[in-house]
Amino acid sequence: MRPGRGCGTWASGRARLMAEQVAQVQQMRDLLECSWPAVLDTARQPFKSTTWHAALTVARACTEQRMTAVLDQLGLTGLVTSITGLSAVGAAAILAETGDPRRFTTGRALARHSGLAPRQRPFGPVHRARYPASYPGRPAEGRH
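Taking this note's numbering, the leading residue of the sequence shown gets 2, the next gets one more, and so forth.
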């Protein structure tokens, strides 16, 4: 029996994977249009261009190197890399988004703004809060 004919499982799985791929490419396109619109105009079909992908990879590596250099200048690299699950690039991205951390009155306010919730998940029954937590991040961000 040929794949795709009489084999509904194979065909439906392929269709699902194709739909996921199209959705992921569209999501990447949407993100780039918001953050760096000119990059999409550099190639006729940017997501199919090997050269475009290579250039974007180099640009990303250079950006990450500059981000970690700033952490080194501030003397924070050792501190942030000691936190489990946080890389130097991740910490630099959080600081870039947050700005001057001294503008927050408490560490909790900074963590809330950046969307971090450093806590361990307890084992056993889960007790829900009486009031649901608000969304993290900047208040101007839209929520769906």
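Positions of the beta carbon are idealized from the N, C-alpha and C atoms, including for glycine. What you are looking at is a predicted structure, and each value in this text was computed from that prediction instead of being measured.
For Ala89, the CB contacts under 7 Å within the same chain, skipping 5 residues up- and downstream, are Thr69, Leu72, Thr78, Val81, Thr82 in chain order. Of all alpha-carbon atoms in Pro47, Glu65, Ala56, the one lying nearest the alpha-carbon of Val26 is that of Pro47. With a 10 Å radius around the Cβ and a threshold of 16 neighbouring Cβ atoms, His114 comes out buried.
Per DSSP, the continuous alpha helix (DSSP H) segment holding Gly79 begins and ends at 78 to 82. Residue state for Thr69 is assigned as helix, using DSSP reduced to three classes. Inside the segment 88 to 122, DSSP marks whole alpha helix (DSSP H) runs of 4 or more residues at positions 89 to 99, 108 to 115, from first to last along the chain. Annotated as distal: Ala44 and Trp37, with beta-carbon spacing of 8 Å or more.
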